[in-house]
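J.:
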Amino acid sequence: MKRRGIRIVVESIAVFFALVIFGIPLSYVVTNAGKTPAEAATMTIQPSTTPQYVQNFSVVIKEYDYTLLRAFLNSFIITVFSILVLIAVSSMAGFVMERRKSRTVSWVNFLVLAGLMVPPAVVPTIWILKLIGLYKTLTGLVLVEAALSFPFSVLLYRGYLGAIPRELDEASFVDGCSSFRLFIDVIFPLMKPVTATIAVITAITIFNDFVNPLYFLPGSKNVTVQLTLYNFMSMYLTKWNLLFADILLISIPPLIFFIIFNKKIVSGMVAGAVKA
Amino acid sequence: MTTGTSKLYSYRFFIPAGIIYLLFFIAPTFLSFFFSLTIWTLSDWKFTGLDNFKIFMTEPSLVIGFKNSLIYAVLTCGLKVVFGFLLAAFLTTDIKTRGFLRSLIYFPNILSTIAVGIIFSSLMHPSQGLINLVLKAAGIPGPDWLGDPKIALLSVALVDVWKGVGIAMTIFIAGIQAIPPHYYEAIMIDGGSAFHKLRYITFPLSRSSFNSVIMLAFIGGIRTFDLIWVMTKGGPGFTTDLIASIIYKQFQGGFYGIATAGNVLLFILISIIAIPLYKQLTRVEVNL
Chain A
264 MKRRGIRIVV ESIAVFFALV IFGIPLSYVV TNAGKTPAEA ATMTIQPSTT PQYVQNFSVV
324 IKEYDYTLLR AFLNSFIITV FSILVLIAVS SMAGFVMERR KSRTVSWVNF LVLAGLMVPP
384 AVVPTIWILK LIGLYKTLTG LVLVEAALSF PFSVLLYRGY LGAIPRELDE ASFVDGCSSF
444 RLFIDVIFPL MKPVTATIAV ITAITIFNDF VNPLYFLPGS KNVTVQLTLY NFMSMYLTKW
504 NLLFADILLI SIPPLIFFII FNKKIVSGMV AGAVKA
Chain B
9 MTTGTSKLYS YRFFIPAGII YLLFFIAPTF LSFFFSLTIW TLSDWKFTGL DNFKIFMTEP
69 SLVIGFKNSL IYAVLTCGLK VVFGFLLAAF LTTDIKTRGF LRSLIYFPNI LSTIAVGIIF
129 SSLMHPSQGL INLVLKAAGI PGPDWLGDPK IALLSVALVD VWKGVGIAMT IFIAGIQAIP
189 PHYYEAIMID GGSAFHKLRY ITFPLSRSSF NSVIMLAFIG GIRTFDLIWV MTKGGPGFTT
249 DLIASIIYKQ FQGGFYGIAT AGNVLLFILI SIIAIPLYKQ LTRVEVNL
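Protein chains in written order, with the numbering used here: chain A, 264 to 539; chain B, 9 to 296.
Here you go:
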């Protein structure tokens, strides 16, 4: 009985600290996003007496001739296409890497593992993009994002394929399946769960990415949501209510993903970290 | 089956991945070794030998980046490991609010780094920020978190830990859940306390989780750019500049050769530290 008492006290203290350290900064964003300009000067967690979320959102959206809407569109395009490219190339590569043991495969393996640690060489990448005419284009950024997410994704595919028995491949082969048909009709459908995990995790990573758009998409035409947030930061300076309204708006898509796919995100993060 | 292997698992499956990965990752990495030895305008280059590296090693505003990046990596990595492990150990015991706490602590990971940077720049504002208002109410004079050169780097590192500790915790939780329960039963029969369980079972049997977390957090820390860029831009002065923020500044200034040399130095630094660290960490695991 005494032990249970102690446990409840310990747990209450833990919940209290977690709410202070992690809950307050989050509720701080929500309350401040709805403040009036006068209230915004006092940066407290006291909710606004006359919250004006709709008005703040519309100011942020209309800013710079609706630049935020274009940013949302760009970010969605970049995210969706990067994932499509990434899944196509890494599922195929992961398939052969897991199934075949050879000197070539161990070299490929090494290059992929190195990609998890080595910092990307940004300026030479820009040089190559310029050379093939893709610098400052969404296509260029899509390809770079896919290349940088490739090592993580291929490791998840390789790990997952280990649990799919080879007998399946052999049976399909005996039935006269070509290797391409085997992959498209048998293997790829079986990998749906890990494909979903990769899609969800890279969606959040790429949507939230700031560094690559900063380097590869300079200029005002091709803004992404993170770039607008960064630009608004220097423009609004003390208008915290508008800044937080912007943060709230651009955090909604990842938040929805987190709520729906919580388990997938967590399991994928763990698998990726441990396989590496 | 040997003929089948090469036929079924054709290297042709590598071609699409190979093109993208070679073109946008491998080739730039190799090119960076060459272009780091030049004065480079992107359209033209002039070979200058090791001059760029000399500049990086002697210019005080650039040298500080190495020191700061190392401090930052060690600090964030250490704190993420300690707090991540303790949180995981606590959140694998049977408490009622376990699921809620795990989600709450993981949550900052889905916010963008820019958003987190802005939130904490506001919370850490010297006169109006919530943190200092609370400290003031308690009678403690709050420091200028991001403006005081002595603590600015530490402040940003703490924000990094706030954002990233959830991932460390999640990896540790997965490791702890994989420990067979009979170990704990054995120590309970021997009359061990909760501390004994943590010290003699959970801790030693989480070695591989420690490896993963240390590697991830350390490499992530030493490569950090966006959080420092949004919170301090390397200031005040150059006191919080990291290697990656210096690379960006040189890039902005059009010094592409120097920026690339910075990249190569980062590459070398990560290899020097990460490879022995990795070997050391995996060796300890084998000995166990």
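Yeah, the Cβ is synthetic: ideal placement off N, Cα and C, and Gly gets one too.
1. Between the beta-carbon of ILE127 (chain B) and the beta-carbon of PRO288 (chain A), is there less than 7 Å?
2. Could you check whether ALA534 (chain A) and LEU419 (chain A) sit closer than 7 Å to each other, using their CB atoms as the reference points?
3. Residues of chain B with a CB under 8 Å from the CB of THR342 (chain A): which are they?
4. For PRO8 (chain B), which option in A:LEU282, A:ASN372, A:ARG429 has the closest C-alpha, if you only look at C-alpha atoms?
5. Measuring only the C-alpha atoms, how far is GLY245 (chain B) from LYS502 (chain A)?
6. Quick one: give me the first and last residue of the beta strand (DSSP E) that ILE287 (chain A) is part of.
7. So which residues on chain A does LEU109 (chain B) lean against when the C-beta distance must stay under 8 Å?
8. Are the beta-carbon atoms of LEU16 (chain B) and PHE436 (chain A) separated by less than 7 Å?
9. Check the Cβ-Cβ distances between TYR327 (chain A) and every residue of chain B, and say whether any is below 7 Å.
10. Would DSSP call TRP48 (chain B) helix, strand or coil?
11. From the DSSP output, read off the bridge partner residues of PHE446 (chain A).
12. Within 10 Å of its beta-carbon, does ASP328 (chain A) have 16 or more other beta-carbons around it, so buried, or fewer, so exposed?
13. Specify, as a first and last residue, the run of the beta strand (DSSP E) that LYS484 (chain A) falls within.
14. Count the other CB atoms within 10 Å of the CB of GLY378 (chain A); is the residue buried (16 or more) or exposed (fewer)?
15. Cβ of ASN251 (chain A) less than 7 Å from any chain B Cβ?
16. TYR19 (chain B) touches chain A at which residues, Cβ-Cβ below 8 Å?
17. Per DSSP, which residues does PHE55 (chain B) bridge with? Please list them.
18. In three-state DSSP terms, what is THR458 (chain A)?
19. Looking at PRO387 (chain A): is its Cβ nearer than 7 Å to the Cβ of LEU39 (chain B)?
20. CB-CB under 7 Å to VAL322 (chain A), same chain, minus the five flanking residues each way: which ones, in chain order?
21. Measure the alpha-carbon distance for LEU205 (chain B) versus PHE211 (chain B) and round it to whole angstroms.
22. Anything in the stretch 270-288 of chain B with a Cβ closer than 7 Å to a Cβ of chain A? List those residues in chain order, please.
23. Could you say if the stretch 333-348 of chain A and the stretch 390-409 of chain A meet the contact criterion of at least three C-beta pairs nearer than 8 Å?
24. Who are the near neighbours of LEU453 (chain A) in its chain, counting only those whose CB is closer than 7 Å to its CB and skipping five residues on each side?
25. Rounded to whole angstroms, what's the CA-CA distance from ALA297 (chain B) to ARG270 (chain A)? Just pull it up for me.
26. LYS399 (chain A): which of A:ILE513, A:LEU480, A:THR305, A:THR491 sits nearest, CA to CA?
27. Cβ of GLN55 (chain B) within 7 Å of Cβ of THR49 (chain B)?
28. At 7 Å on the CB atoms, spell out the chain A contacts of ILE195 (chain B), in chain order.
29. What ranges does the beta strand (DSSP E) occupy inside the stretch 76-139 of chain B, keeping only unbroken runs of at least 3 residues that lie completely in it?
30. Beta-carbon within less than 6 Å of ARG106 (chain B)'s beta-carbon, same chain only, minus the 5 sequence neighbours each way: which residues are those?
31. Mind pulling the chain A residues with CB within less than 7 Å of ASP234 (chain B)?
32. DSSP on ILE209 (chain B), reduced to helix/strand/coil?
33. Please classify LYS364 (chain A) as buried or exposed, where buried requires at least 16 neighbouring CB atoms within 10 angstroms.
34. Residues of chain B with a CB under 7 Å from the CB of ASP438 (chain A): which are they?
35. Give the residues of chain B in contact with ARG266 (chain A), contact being defined as C-beta atoms less than 7 Å apart.
36. From which residue to which residue does the alpha helix (DSSP H) around GLY155 (chain B) run?
T.: Looking at the coordinates:
1. Yes, they are a contact pair.
2. Against a cut-off of 7 Å, the Cβ pair of ALA534 (chain A) and LEU419 (chain A) comes out as a contact.
3. Going along chain B, no residue has its Cβ under 8 Å from THR342 (chain A), so there is no contact; the nearest lies around 13 Å.
4. Residue numbering for chain B in the displayed model covers 9 to 296; residue 8 (chain B) lies beyond these limits and cannot be assessed.
5. Whole-angstrom Cα-Cα distance: 25 Å.
6. Unbroken run through ILE287 (chain A) is the alpha helix (DSSP H), 287-296; no beta strand (DSSP E).
7. Residues of chain A passing the Cβ test: ALA277, VAL278, ALA281.
8. Yes. Within cutoff.
9. In terms of beta-carbon proximity, TYR327 (chain A) stays away from the interface with chain B, with every pair separated by 7 Å or more.
10. Here DSSP, grouped into helix, strand and coil, assigns TRP48 (chain B) to strand.
11. Here PHE446 (chain A) is not bridged, per DSSP, to any residue.
12. ASP328 (chain A) is classed as exposed because its beta carbon has fewer than 16 other beta carbons within 10 Å across all chains shown.
13. Element bounds for LYS484 (chain A): n/a, residue is neither H nor E.
14. Burial call: buried.
15. As shown, chain A starts at 264 and ends at 539. That puts residue 251 (chain A) outside it, with no answer to give.
16. Correct list: VAL359, THR367.
17. DSSP lists B:THR46 as the beta-bridge partner residues of PHE55 (chain B).
18. Secondary structure of THR458 (chain A) (DSSP, three-state): helix.
19. A contact, by the Cβ cut-off of 7 Å.
20. Within the same chain, VAL322 (chain A) has close Cβ partners LEU505.
21. Note on residue identity: the sequence assigns Lys, not Leu, to residue 205 (chain B). Approximately 8 Å between the Cα atoms of the pair.
22. Here the close residues are ASN271, LEU274, PHE275, ILE278, ALA282.
23. Taking 8 Å as the limit for Cβ pairs, the verdict is that the stretch 390-409 of chain A does touch the stretch 333-348 of chain A.
24. Here the set comprises ILE427.
25. With chain B represented from 9 up to 296, any question about residue 297 (chain B) goes unanswered, as that position is not in the structure.
26. Minimum Cα distance to LYS399 (chain A) is reached at A:LEU480.
27. First, the amino acid is wrong: residue 55 (chain B) is Phe here, not Gln. With contacts defined by Cβ atoms closer than 7 Å, PHE55 (chain B) and THR49 (chain B) do not form a contacting pair.
28. None at all; the shortest Cβ gap to chain A is about 17 Å.
29. Complete beta strand (DSSP E) runs here, min 3: none at all.
30. Hits under 6 Å: LEU99.
31. Residues of chain A passing the Cβ test: PHE473, VAL474.
32. DSSP places ILE209 (chain B) within a helical segment (H, G or I) once states are collapsed to three.
33. In summary, LYS364 (chain A) is exposed, with fewer than 16 beta-carbon neighbours lying within 10 Å of its beta-carbon over all protein chains present.
34. Result: empty, since nearest Cβ-Cβ is about 12 Å, beyond 7 Å.
35. Contact annotation for ARG266 (chain A) against chain B: no contact, minimum CB-CB distance about 10 Å [criterion: below 7 Å].
36. Per DSSP, GLY155 (chain B) belongs to no alpha helix (DSSP H) and is neither H nor E.
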